[in-house]
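Residue numbering for the sequence shown follows the numbering used here, beginning at 8 and increasing consecutively. The beta carbon of each residue, even a glycine, is placed where N, CA and C say it ideally should be. A short worksheet on the structure shown next.
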Amino acid sequence: MMSTSAAESYPKWLSDCKSELSHSQEWQDLREELESAIEQQLTESHVDQFANLSIAERKMFLERALRAVKNGDQCGKFNDTLNQSINKHVNSHVAHQLLDKSGFKPVATKSDLILDQSNEASMALLARWPELKTKLHRCFNKVLPSGLRQLTWKLYLSNPTVRSRYLTRLERDPQSTMSVLDLDVVKKCEALLQSEPTFKLLAFNTDILHAMKAVLSYHHACKQTRTPLLDTDYLLVVPFLVNALMVQGQGHRIPGESGTLTGPGTDHLISRESLGTLVEQYSTLMAARPAYMKESYNQDFKEGLRQCLAKVSGTLEVLDSGLADHLRKALNKEAKKLPLSESIKQVTRPMIRAMFVGYLSLDTIMYVWDQHMIGLDAPEFDITPAITVLIFIYLKKQLMSCNTVSEVSAILKSEAVKLKREQFMHGINKLFHKELYSLLIKDSGMPVLDPTQMPMPWQDWHRDDLPPVIRAEDRQISRQRRREEELREMNLKKELHDQRLLDEDLRKQQARVRWQQQLTDAEKAYSSREVELIKLLEEEKKKRVEASKRAEREIDKLAKEIEKLRKGQGSKPGPSTVPLCPSRVGRDLLKGVMKGANTLADGSSNDGR
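Take a look at the structure:
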């Protein structure tokens, strides 16, 4: 049950369902049965309390308990109550919307509103619990609304390491996110958008061109090579642009889609967050592609392509042997006879490597990619052979008139784009649904503890069905996928380790720069203060010398005056009859002179300070 704190982010009718179900007797009974199943697992595992388990172990115990009670009576009763509650609250909410004419489009029907509410609730639940993305397997061979599609691609192509690395480089050094062949990438993007007929809704838009260039330029910069990108690298970025541009509103509408494309205001496409999402999803898809879609030098490329084409040719021979025979003859003009899988390689490989981009219309491409996305967590699921077979079958009339490889290639390029999405949905449902859906929901085979019965270890063992025989090719595919998964995990760990080292080096470098700057500032301040003090000292010395010279001049002047007075008293008679002592007079005058000189010197010194 969803948490109360997050209830505001869900549709009101869904919160009402949660409130009603949490107080129902059916939920209480089911909860008791789940607790009993978990308690039995704890006993079997010799664990005292559920709280003693780790988070991963708790999830495993809970999953086993859910699988054990899934087909029980209590679970069935709760599902009935759940369906009734959802039906009641959804219809009530939609009825209020129909009465409120301002709350929806005038052309909206009750079915449209119910689908909108279901879509909104699904997105809210997936955003809250991303691990529930496996529930999207129920959307196999269905058209995903634009909002749910964006969330689905985001969940299945999530790679925080790639995203954070790109955004960090974009912030610190935007030049490092650009390829050495950036100008060539721009020209190639512009030429592709304007020349490819299926991309006409994307042409002549600077925001779209800038976003496409940014993704591909960074992709090429990560390769650290001057070799130009392949044509398929350019084609595979287009569906991500279409997905990011799908908005509710006015604009150019893709036929069959619920949203619009390149409506007013596409500048959101070149925002920092949007570019980060595009780079993250594109890089993740390029790494997660099957080996036969990558470059021929990749490991397991030949074997993967052989198995894919063998499945295409084998299915085509079963469904339409006449078309298969004609293609074998038209594509094999040499003396030696090649199997159909080898004959169709040269005409199907470009289409498969591009994941049908440029060969099918945009709405059909988005449908095909939706099926590919929801099957990324199922190792044995692959929609590509089925789509390839359907293209050959639907173009049978045109292909039967072809006699050369070039003619077959031209038909696939020019006529496949006319096929409708509904044709592929019908073909998948009629010919491939059972097989593909079983691969999509294939159980992992984890043992389940039955809370009501624990048979003896070897009881009725002879009645069990023998395990199916696995072909060598299937085992090899499983090993290859395991190796790819292990390699992907190793690369992810290495990237995380390198990122941590890079961040640590950056922090150390920033600390060194700050310390060096502080040391430089301190040295500058010390030098400046030293120069200032030296200047003040020189001025003080100069003023003292000038004051000393003035005092000496005054002393000399006064000495001369004393000498004059001394001479004058010796020659002129005075009225006094008692002569003054010359030594006393001189001493008094010298004291006065020295006092005046000291006063003058002290005054000059104070002025200097």
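Through-space distance from T391 to R313, alpha-carbon basis | One C-alpha to the other measures close to 13 Å.
Does the count of Cβ pairs from the region 424-434 and the region 344-363 closer than 8 Å reach three?
-> Verdict: no, contact absent.
Short Cβ contact (8 Å threshold) for A228 with L285 | Annotated as distal: A228 and L285, with beta-carbon spacing of 8 Å or more.
Nearest to V150 by CA position, among N498, F431 and R573, is which residue?
-> Measuring C-alpha to C-alpha distances from V150 to each of N498, F431 and R573 identifies F431 as the nearest.
Assuming L338 and L330 form a contact by the criterion Cβ under 8 Å, report the distance between their Cβ atoms to the nearest whole angstrom.
-> For L338 against L330, the beta-carbon gap comes to about 12 Å, at or over 8 Å, which does not count as contact.
If you draw a straight line from the C-alpha of C315 to the C-alpha of I418, how long is it?
-> Distance between the alpha carbons of C315 and I418 is about 21 Å.
Quick one: give me the first and last residue of the alpha helix (DSSP H) that A72 is part of.
-> If you look at A72, you'll find it in the alpha helix (DSSP H) that goes I62 to V76.
Can you name the residues that DSSP bridges to V364?
-> DSSP lists L367 as partners of V364.
Ignoring anything shorter than 3 residues or poking outside the region 385-443, list the beta strand (DSSP E) runs there in chain order.
-> DSSP runs (the beta strand (DSSP E)) wholly in the region 385-443: none.
If E127 and P18 are in contact, beta carbons under 8 Å, what's the gap, nearest whole angstrom?
-> At roughly 5 Å, the Cβ-Cβ gap stays under 8 Å, so E127 and P18 are in contact.
Is DSSP giving I448 helix, strand or coil here?
-> Residue state, collapsed to three classes: coil.
Are the beta-carbon atoms belonging to L334 and F388 less than 8 Å from one another?
-> No, the pair does not count as a contact, with Cβ atoms beyond the cut-off.
Can you tell me where the alpha helix (DSSP H) with C82 in it begins and where it stops?
-> C82 -> alpha helix (DSSP H) spans D80 to L106.
Kindly indicate if chain B contains any beta-carbon less than 8 Å away from that of M380.
-> Considering every chain present, this structure includes no chain B. It has just one protein chain.
Same chain, Cβ closer than 8 Å to I400, neighbours up to 5 away in sequence not counted | Within the same chain, I400 has close Cβ partners L323, L326, D327, L330 and G434.
Cα separation between P167 and K161?
-> Taking the straight line joining both Cα atoms gives about 11 Å.
Given a threshold of 16 other Cβ atoms within 10 Å of its Cβ, counted over all protein chains shown, does N78 qualify as buried or as exposed?
-> So N78 counts as exposed.
Of all the options I569, F439, C24 and A295, which has the alpha carbon lying nearest to the alpha carbon of L7?
-> Lying outside 8 to 616, the shown extent of the chain, residue 7 is not represented and no answer is given.
For the alpha helix (DSSP H) holding P246, just list the boundary residues, first then last.
-> From DSSP, the alpha helix (DSSP H) with P246 extends over V245 to L252.
Who are the Cβ neighbours of S125 in its own chain at under 8 Å, not counting the five residues just before and after it?
-> Taken in chain order, the residues that qualify are V97.
Would you call the CB atoms of T371 and L164 closer than 8 Å?
-> Between T371 and L164, the C-beta spacing is not below 8 Å.
Keeping to the same chain, check which residues put their C-beta closer than 7 Å to that of H144; ignore five residues upstream and five downstream.
-> When the five nearest sequence neighbours on each side are left out, the beta carbons in the same chain lying within less than 7 Å of the beta carbon of H144 are those of I381, L447 and I448, in order along the chain.
Cα-Cα separation between K84 and H53, rounded to whole angstroms | Roughly 32 Å between the two C-alpha positions.
Under a three-way DSSP split, which group does N126 fall into?
-> Shown here, N126 sits in a helix according to DSSP, grouped into three states.
Between C24 and S92, is the Cβ-Cβ spacing less than 8 Å?
-> Contact: yes.
Which residues in the same chain have their Cβ closer than 7 Å to the Cβ of Y225, if we skip the five residues on either side of it in sequence?
-> The beta carbon of Y225 is closer than 7 Å to those of Y173, T184 and V286 in its chain, skipping five residues each way along the sequence.
Classify S278 as buried or exposed, calling it buried when 16 or more other Cβ atoms lie within 10 Å of its own Cβ.
-> By the neighbour-count definition (other C-beta atoms within 10 Å, threshold 16), S278 is an exposed residue.
Could you tell me which of S153, A221 and P152 sits nearest to R176, measuring between CA atoms?
-> Selected option, being the one with the closest Cα: A221.
For K227, which of helix, strand or coil comes out of DSSP?
-> Residue identity differs from the one stated: residue 227 is His in this sequence, not Lys. In the three-state reduction of the DSSP assignment, H227 falls in the helix class.
Simplified DSSP assignment, three categories, for S52 | Three-state DSSP puts S52 in coil, outside helix and strand.
Excluding five sequence neighbours on each side, which residues of the same chain lie with their C-beta closer than 6 Å to the C-beta of E502?
-> So the list reads T168, once near-sequence residues are dropped.
When burial is assigned at 16 or more other CB atoms within 10 Å of the CB, is F653 buried or exposed?
-> No information on residue 653 is available, as it lies outside the stretch 8 to 616 that the chain covers here.
Would you kindly report the start and end of the unbroken alpha helix (DSSP H) that includes E203?
-> Per DSSP, E203 belongs to no alpha helix (DSSP H) and is neither H nor E.
Report the residue ranges of all alpha helix (DSSP H) runs contained in full by the region 288-328; include only those spanning at least 4 residues, in chain order.
-> Along the region 288-328, the alpha helix (DSSP H) occurs as fully enclosed runs of 4 or more residues at 308-326, listed in sequence order.
Could you give the DSSP three-state label for T273: helix, strand or coil?
-> DSSP places T273 in coil when its eight states are reduced to three.
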